[in-house]
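Visitor: Sending over a structure as structure tokens; questions will come in a sec.
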Amino acid sequence: MKNPADLVDAYTEWCKKECFTEDVVRATAILNRYCDLCLMGVVRELDLAAKASSPTSAGDLAKALGFVDTAEITMRYALHRLAARTDAVTVDSDERFTVPSTPADPTEELASLRTELKGLGEDYLAAVDFLDFGREHFVKALRDEPDFMDKMLAGTTGDWAELWHRATNVDPLQDLHGEMGARAISDVLEQGTILEIGGGTGNGIRHLFAMMKREGTFDRLERFIFTDISMRFVLTTKHEINDNYPDVATSWKFCDIYKPLQEQKIDEQSVDLIYAVNAAHVAKDIVGFLKSCHWALKPGGMVLFAERVRFTENDMAPRELTLNLSKYHRTAAEDQPYRSMHTYLKPREWEECLRLAGFEPVVLPDLEAMGEYFPDQYAAVVTGRKI
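Numbering-wise, numbering that gives the first Met the number 0 puts 348 at position 349 of the sequence shown, and it's gapless, one number per residue.
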């Protein structure tokens with residue numbers, strides 16, 4: 000396994016050239032504004048100007064709306080985002096929120112942004128369709144049917160399968176995580192077996208196998224073990240991959256990221272690389288999860304996670320407008336100094352967690368160098384070599 004620390008500069012240049020194109024940079028800015036407007040629409044629909052005319056906590060607002068207890072997390076970060084980015088909400092030092100007046104109707108500007116985004120490419124609309132879905136089902140998921148979003152994200156219902164597939168595999172802003180992960184694996188893997196955790200609808204394996212085919216490097220891969228909590232996702236991805244790559248050695252298993260790998264038919268020191276695309280952050284006990292990865296890896300093995308990362312306090316990602324309607328998503332939280340918010344971590348938090356679990360961390364690309372080029376950058380590949 001090559002050392003990721005030796006690849007940072009080349010990987011950073013590759014990201015600038017191949018991933019963070021002018022269209023991606025512009026589309027990310029549009030999506031951020033679209034999210035803000037959707038949240039202002041939610042504020043209007045919930046009549047928060049009346050319910051938070053004076054400073055009110057997110058928990059009290061959630062209770063007044065009849066939402067489930069953990070909806071406090073959803074409300075808190077939605078309101079923090081609006082307070083940081085708009086004048087629709089203010090927040091005081093005691094984390095109490097005020098909505099001074101009802102925001103203007105965002106319908107016209109949302110339509111304009113959708114048109115602009117479509118001009119960059121039809122596939123970009125998958126991102127805003129996902130946000131529209133979250134806005135439309137906000138109350139249903141937090142009050143009327145608390146398991147609604149979990150059924151969709153875990154694949155236990157096929158009702159919204161197309162939307163979820165588009166949101167994770169068609170949307171270029173999300174799809175690039177798979178491409179970034181594939182590039183990083185291609186750069187570091189010399190020979191071995193890969194275990195993918197939380198493979199979902201196949202973004203990770205699809206990009207990796209396509210890259211290996213283009214580059215003629217399948218001889219480096221001894222076996223690819225694909226796992227997910229949803230057998231629907233496992234079987235659907237298995238069918239697609241086996242049809243397209245019948246000669247590649249693969250295995251397909253159930254795996255729950257909330258449980259140690261020791262309990263899930265994974266052998267000690269049996270794999271060379273553990274991979275995940277926007278999945279590892281879901282673990283409630285992130286250090287415990289990483290320690291179980293350490294146990295499963297051969298000496299010198301590596302974890303490699305293509306992740307959405309946070310950079311500031313209370314940094315809510317646009318797609319969390321919808322994801323935070325999932326109980327599974329919003330409760331992936333710990334009151335620990337290395338995890339300041341639920342799910343997505345900051346780069347330095349990933350590095351601390353990896354060190355605590357016995358890994359030597361490296362984050363790709365050079366995020367500081369990317370700052371001026373891509374002010375709204377949100378994607379990184381987190382790696383850790385087993386010590």
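The beta carbon of each residue, even a glycine, is placed where N, CA and C say it ideally should be.
Does the count of Cβ pairs from the region 297-317 and the region 334-348 closer than 8 angstroms reach three?
Guide: A contact exists between the region 297-317 and the region 334-348.
Visitor: Put Met301 into one of helix, strand or coil per three-state DSSP.
Guide: Met301: strand per DSSP, three-state reduction.
Visitor: Any chance you could list the beta strand (DSSP E) runs of at least 3 consecutive residues sitting entirely within the region 92-160, in chain order?
Guide: The region 92-160 contains these whole beta strand (DSSP E) runs: 95-97.
Visitor: Considering only residues of the region 244-329, which uninterrupted beta strand (DSSP E) runs meet the minimum length of 3 residues and lie entirely inside it, listed in chain order?
Guide: Those beta strand (DSSP E) runs which fall completely within the region 244-329 and span 3+ residues are 249-253, 270-276 and 296-307.
Visitor: Report the three-state DSSP secondary structure of Phe358 (helix, strand or coil).
Guide: Residue state, collapsed to three classes: strand.
Visitor: Return the first residue and the last residue of the beta strand (DSSP E) that Tyr380 is part of.
Guide: The amino acid at residue 380 is misidentified as Tyr; the sequence shows Val. Here the beta strand (DSSP E) through Val380 covers Ala378 to Lys385.
Visitor: Can you tell me whether DSSP reads Asp22 as helix, strand or coil?
Guide: Here Asp22 sits in helix by DSSP.
Visitor: If I measure Cβ to Cβ from Glu178 and keep anything under 7 angstroms in the same chain, skipping five residues before and after, which residues do I get?
Guide: Once the five neighbours on either side are set aside, the close Cβ partners of Glu178 are Cys18 and His206.
Visitor: Buried or exposed: Ser325, going by 16 or more other Cβ atoms within 10 Å of its Cβ?
Guide: Buried, by the Cβ-count rule.
Visitor: Three-state secondary structure (DSSP) at Asp227?
Guide: Note: Asp227 maps to strand in three-state DSSP.
Visitor: Which two residues bound the contiguous beta strand (DSSP E) that contains Leu194?
Guide: It spans Gly191 to Glu195 - the beta strand (DSSP E) in which Leu194 sits, taken as one unbroken run.
Visitor: Whose C-alpha, out of Leu112, Ala77, Phe137 and Asn202, is nearest the C-alpha of Thr27?
Guide: That would be Leu112, whose Cα lies nearest to the Cα of Thr27.
Visitor: Bridge partners for Ser56 per DSSP, in chain order?
Guide: Partner(s): Arg95.
Visitor: Run the CB neighbour count on Ser100, radius 10 Å, all protein chains shown included, and call it buried at 16 or more, exposed below.
Guide: With fewer than 16 other Cβ atoms within 10 Å, it is exposed.
Visitor: So, with DSSP's three-state summary, where would you put Thr236?
Guide: Thr236 falls in the helix class under three-state DSSP.
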